[in-house]
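Right, one structure below, let's go through it.
Numbering (the working numbering), first residue to last: 350 to 594.
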């Protein structure tokens, strides 16, 4: 099956719709989101509607989780907390209830999906996998050969081979003959990339041939920025979209 993998949409409907169109043109048969449908950008309801209407499978990200919680004692950046509280006040109750139904992990076509790490599936902690050591803890719990995650907004690939973990930037390649017992992959971010490339990021994965393709999609960044500013959200969130960081 040809899977489209997206993640970290963060309320950016302009990026989401453009990325979806690119995945459809590529022939993806199913699309899976690694979480964080909301947060940072100013179109959370539109993104939820889009994900539901297009039947995109999704798991729960930390921003999705926080948005459903009345307790606001979170160890996060003040601007992130501001957006979450704005999102809580903006979304109708049934949208919040839907976010609260999202699972912490999924398995599709023998591939696992998680937002942060398989270490944390209760919403209490959301570790960042950015090093070989942090990936190793996750690999202990990964039961399939391939797992996709989000959270870091950077396209990366971790490879476990004979107890050693290597890390590389994720690029298009074939994994059919790649040396490794397990692979942990990040498709990057649709709505707020952080690898100094402002284009939306997504992956196309052929579960039979094991071909991996990273795509970057241009979208109307200016429109997304104007919506952020019009909503009264922090200006830095608009600025970082064009900087890709």
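C-beta: ideal position from N, C-alpha, C; glycine also.
Coarse secondary structure for residue i, derived from DSSP in three states
i: residue 485; result: helix
i: residue 391; result: coil
i: residue 402; result: helix
i: residue 468; result: coil
i: residue 576; result: helix
i: residue 377; result: coil
i: residue 498; result: strand
i: residue 506; result: strand
i: residue 479; result: coil
i: residue 365; result: helix
i: residue 561; result: strand
i: residue 425; result: coil
i: residue 449; result: coil
i: residue 473; result: coil
i: residue 581; result: coil
i: residue 590; result: helix
Any C-beta of chain D under 9 Å from that of residue i
i: residue 357; result: Absent from the structure is chain D; it holds one protein chain and no more.
Buried versus exposed, by CB contacts within 10 Å (16 or more), residue i
i: residue 476; result: exposed
i: residue 426; result: exposed
i: residue 363; result: buried
i: residue 452; result: exposed
i: residue 356; result: buried
i: residue 622; result: Outside the displayed range of the chain (350 to 594) lies residue 622, so it cannot be described from this structure.
i: residue 361; result: buried
i: residue 409; result: buried
i: residue 462; result: buried
i: residue 385; result: buried
i: residue 504; result: buried
i: residue 375; result: exposed
i: residue 574; result: buried
i: residue 416; result: buried
i: residue 523; result: exposed
i: residue 482; result: exposed
i: residue 557; result: exposed
i: residue 531; result: buried
i: residue 491; result: buried
i: residue 371; result: buried
i: residue 540; result: buried
Inter-residue spacing [alpha-carbon to alpha-carbon] between residue i and residue j
i: residue 392; j: residue 578; result: 12 Å
i: residue 446; j: residue 473; result: 19 Å
i: residue 466; j: residue 544; result: 20 Å
i: residue 507; j: residue 487; result: 11 Å
i: residue 468; j: residue 390; result: 28 Å
i: residue 516; j: residue 588; result: 29 Å
i: residue 509; j: residue 533; result: 8 Å
i: residue 420; j: residue 430; result: 11 Å
i: residue 413; j: residue 383; result: 11 Å
i: residue 442; j: residue 395; result: 15 Å
i: residue 571; j: residue 590; result: 9 Å
i: residue 502; j: residue 459; result: 24 Å
i: residue 495; j: residue 444; result: 31 Å
i: residue 479; j: residue 497; result: 14 Å
i: residue 437; j: residue 538; result: 22 Å
Bridge-paired residues (DSSP) for residue i
i: residue 548; result: Answer by DSSP bridge pairing: none, since residue 548 is not bridged.
i: residue 350; result: According to DSSP, which records beta bridges pairwise, residue 350 is partnered with nothing at all.
i: residue 382; result: 355 and 407
i: residue 417; result: None, per the DSSP bridge assignment.
i: residue 456; result: 461
i: residue 566; result: 549
Any non-hydrogen atom of the ligand HEM closer than 8 Å to residue i Cβ
i: residue 422; result: Because no ligand of any kind appears in the structure shown, any question about the ligand HEM cannot be addressed here.
Can you list the beta strand (DSSP E) stretches of 3 or more residues lying completely in the segment 508-557, in chain order? With a minimum length of 3 residues, the continuous beta strand (DSSP E) runs that stay inside the segment 508-557 are 513-518, 531-535 and 549-555.
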